[in-house]
Amino acid sequence: MRLHRLQLFLLAEKDFRLFPMTKAAARLRKRRSSQVEHYMRATAPDKYHNILVPDYEIGCKRRIFDCGYLASLNEENFILTDTNIERIIPEGIKTDHGAIPADIIILATGFKTNQFLSYMEVIGRGGKSVTQHWDQYGGPGAYNTSVMSGFPNFFMLMGPNSATGHTSALMAVENSVNYALRILKPVLQGRVLAVEIKEEAEQTYVHEVQKALAKRVWDAGCASWNSMAYPWSQAHFWWRSLYPTLSDWNLKTAKSPKHNGFWVQIFLLLLLGCALLGALEY
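Taken in order, the sequence shown gives residues 180 to 461; the numbers are from this note's numbering.
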């Protein structure tokens with residue numbers, strides 16, 4: 180199982196080569212786009228090509244791996260439309276191009292892709308909320324995608340810039356959990372009361388992320404949440420999470436070490452579990 184998972188990871192990680200805005204990556208994107216478009220046109224009905232075939236560079240939006248969807252569009256009882264829904268009517272759905280009869284309507288409206296922690300309010304030191312912290316800096320951002328200055332002992336899963344445009348989100352979650360456990364180790368051992376990222380380190384990291392994102396295809400002429408993705412490979416994220424830069428952190432040491440590590444570990448594992456559930460709900 181581990182070897183199979185490693186194989187899948189390496190295959191997905193190889194596709195990160197498509198994303199830099201370089202001449203070599205542009206040639207790869209052009210070749211991959213040609214292959215994908217040929218497959219789409221050969222599999223889906225001609226009448227849907229204008230809707231399905233993208234007019235932007237491959238990778239700019241989330242890529243979809245076809246598991247029979249395109250072939251199913253050939254069924255007579257299938258109608259694909261991109262018209263705007265105006266309202267629900269007794270017969271079905273009213274769009275700006277007319278009515279579509281329907282017996283059952285399944286809502287798949289997605290989630291809030293432009294907000295983080297939208298279902299909870301987290302208050303840090305000095306009474307400042309996460310939202311206020313981000314407003315101060317012009318938008319969501321976090322050191323190593325998971326921590327912010329002013330919020331001691333607070334770690335996020337799937338925080339700002341943790342998403343990936345080429346591989347599993349579970350890899351990002353696992354990296355964040357490993358990172359949190361490494362930083363929190365002295366807290367778990369009772370030697371430290373609190374850990375907090377330095378404000379300067381946070382600002383420097385967020386600036387580097389934004390600088391790197393400007394050189395990726397995710398910001399190349401399409402509206403996409405990939406512009407909030409992790410701008411480097413997941414191998415890079417794994418390495419950063421495996422070997423934290425401890426000099427970027429402030430530690431509040433305990434006056435007398437407490438040997439309560441077991442219960443603290445249980446509490447933190449439960450806390451991380453709740454955070455993961457919140458991330459999946461998001």
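We put the beta carbon where it would ideally sit given N, CA and C, even for glycine. Keep in mind it's a predicted model, so treat the numbers as computed, not measured.
Listed in chain order, the non-local C-beta contacts of Asp-275 below 7 Å within the same chain comprise Thr-262, Asn-263, Glu-265, local neighbours out to five positions each way being set aside. Secondary structure in the segment 384-422: the alpha helix (DSSP H) runs of 4 residues or longer, each lying completely within the stretch, are 413-421 in chain order. For Glu-381, same chain residues with a beta-carbon under 7 Å away, outside a window of 5 residues either side, are Tyr-322, Met-327, Ser-328 in chain order. The Cβ atoms of Leu-197 and Ile-237 sit closer than 8 Å to each other. Ala-414 and Val-356 have their C-alpha atoms roughly 15 Å apart. Put simply, the backbone Cα of Ala-278 is about 8 Å away from that of Ile-268. In this structure, the alpha-carbon of Leu-249 lies about 53 Å from that of Asn-429. Non-local beta-carbon contacts of Tyr-235 in its own chain, meaning distances under 8 Å to residues more than five positions away in sequence, involve Ala-399, Gly-400, Cys-401 in chain order.
Distances from the alpha-carbon of Lys-434 to those of Trp-397, Tyr-384, Val-371 put Val-371 closest. Taking all protein chains shown into account, Ile-362 has 16 or more neighbouring C-beta atoms within 10 Å of its C-beta and is therefore buried. With a cutoff of 8 Å on beta-carbon distance, Met-407 and Ala-342 are scored as near each other. With fewer than 16 other Cβ atoms from the protein chains shown falling within 10 Å of its own Cβ, Trp-418 counts as exposed.
In this chain, the alpha helix (DSSP H) harbouring Ala-204 covers 202-222. In this structure, the CA atom of Thr-260 is about 11 Å from the CA atom of Lys-226. Judged by DSSP in its simplified three-state form, Lys-273 adopts strand.
Shown here, Arg-266 sits in a strand according to DSSP, grouped into three states. Remark: C-beta atoms of Ala-281 and Leu-252 do not approach each other more closely than 8 Å. At least 8 Å separates the beta-carbon of Lys-209 from that of Asn-405. Spanning the alpha carbons of Lys-377 and Val-396 requires a straight line of approximately 31 Å. Distance from the CA of Leu-231 to the CA of Lys-202, rounded to the nearest whole angstrom, comes to 27 Å. Note: Pro-199 is bridge-paired with Arg-395 in the DSSP secondary-structure output. Looking at the DSSP output, Glu-375 bridges to Asn-429.
Under the three-state reduction of DSSP output, Ile-230 falls in the helix class.
When the alpha-carbon of Arg-184 is set against those of Leu-349, Ser-297, Lys-291, Lys-307, the nearest one is in Leu-349.
Taking all protein chains shown into account, Ser-325 has 16 or more neighbouring C-beta atoms within 10 Å of its C-beta and is therefore buried. Buried is the label assigned to Glu-375, since at least 16 other Cβ atoms lie within 10 Å of its Cβ.
Counted as a single uninterrupted DSSP element, the alpha helix (DSSP H) harbouring Ile-362 occupies residues 348-362.
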